[in-house]
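Engineer: Those letters in the sequence shown? Residues 1 to 82, per full-length UniProt numbering, in order.
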Amino acid sequence: MIQIRKNIAISDTGFLFDPFTGESYSLNSTGLEILLMLKNGYSLEEISQKITEKYDIDSETFERYFQDFISTLRLYHLTENE
1 MIQIRKNIAI SDTGFLFDPF TGESYSLNST GLEILLMLKN GYSLEEISQK ITEKYDIDSE
61 TFERYFQDFI STLRLYHLTE NE
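And the structure:
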């Protein structure tokens with residue numbers, strides 16, 4: 001399971017702040033929704049089901065975008081070491 005670092009501050013508008021580096025990031029509404037599900041312990045399958053139903057996209061497309069999103073989170077060290 002992918003875990004977002006506990007010290008990452010997330011606003012309701014999609015603003016992320018990393019107190020360790022001082023960096024801030026901005027997410028769109030879908031990215032925010034996915035990030036909050038990750039923080040709340042949702043599995044990939046649960047996230048995929050919710051997003052594909054809500055936004056009417058196929059699971060393969062979601063999986064591709066999800067993996068890109070996770071790669072970006074890892075690149076900026078916003079996830080826990082796995």
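Every residue, glycine too, gets a C-beta built ideally from N, C-alpha and C.
A quick note: this is a predicted structure, and the numbers were derived from the prediction, not measured.
Assuming Y25 is part of the alpha helix (DSSP H), what are its boundary residues?
Structural biologist: Taking the first residue of the sequence shown as position 1, residue 25 is located at position 25. Counting along the chain, Y25 falls outside any alpha helix (DSSP H), though it belongs to the beta strand (DSSP E) covering 24-26.
Engineer: Is it true that the CB of E80 sits closer than 8 Å to the CB of Q3?
Structural biologist: Counting from one through the sequence shown, the residue named residue 3 turns up at place 3. Counting from one through the sequence shown, the residue named residue 80 turns up at place 80. Yes, Cβ-Cβ distance for Q3 and E80 is below 8 Å.
Engineer: Taking the continuous beta strand (DSSP E) assigned at F66, which residues delimit it?
Structural biologist: For the purposes of this step, residue 66 is identified with residue 66 of the sequence shown, where counting begins at 1. No beta strand (DSSP E) holds F66; the alpha helix (DSSP H) holding it covers 59-75.
Engineer: Would you call L75 buried or exposed, if buried means 16 or more other Cβ atoms sit within 10 Å of its Cβ?
Structural biologist: Residue numbering aside, residue 75 sits at position 75 when the sequence shown is read from its first letter. It is exposed - the Cβ of L75 has fewer than 16 other Cβ atoms within 10 Å.
Engineer: Apart from the five residues just before and just after K39, which ones in its own chain have a Cβ nearer than 6 Å to its Cβ?
Structural biologist: One-based indexing of the sequence shown puts residue 39 at position 39. Within the same chain, K39 has close Cβ partners I4.
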